[in-house]
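Okay, structure first, notes after.
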Amino acid sequence: LHHICLGVTDLTAELARLKQQGASLIDEQPRVGASGHKIAFVHPESTGGVLIELEELE
Numbered sequence: 322l323h324h325i326c327l328g329v330t331d332l333t334a335e336l337a338r339l340k341q342q343g344a345s346l347i348d349e350q351p352r353v354g355a356s357g358h359k360i361a362f363v364h365p366e367s368t369g370g371v372l373i374e375l376e377e378l379e
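So that you can map any letter, position 19 of the sequence shown is 340 in this note's numbering, and since no number is skipped, the others follow by simple counting.
Structure below.
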């Protein structure tokens with residue numbers, strides 16, 4: 322298992338919420354992923370060792 326991807330409706334707001342709660346973010350701002358959607362990664366040190374990708378769903 323390399324990582325899991327979770328869909329969110331507002332990626333910018335979700336990143337702000339996670340940062341406020343002390344999560345370590347690899348991407349503090351959304352970027353465009355391979356699918357053309359906005360994505361960001363949460364560092365495994367904040368998620369029990371699992372790399373989490375967040376993808377904004379349309």
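All C-beta atoms, glycine included, are put in the ideal place defined by N, C-alpha and C.
Buried/exposed call for residue i, threshold 16 Cβ in 10 Å
{"i": "L322", "result": "exposed"}
{"i": "L353", "result": "As written in the sequence, residue 353 is Val, which differs from the Leu given in the question. By the 10 Å Cβ count, V353 comes out exposed."}
Unbroken beta strand (DSSP E) run spanning residue i, endpoints
{"i": "A361", "result": "K359 to V363"}
{"i": "L406", "result": "Given that the chain is displayed from residue 322 to residue 379, the structure contains no residue 406 and the question cannot be resolved."}
{"i": "V329", "result": "H324 to V329"}
{"i": "I373", "result": "L372 to E377"}
Contacting residues, own chain, Cβ-Cβ under 8 Å from residue i (five flanking each side not counted)
{"i": "H324", "result": "F362, V371, L372, I373 and E374"}
Cβ-based neighbour list, residue i, same chain, cut-off 6 Å, excluding 5 preceding and 5 following
{"i": "G328", "result": "E376 and L378"}
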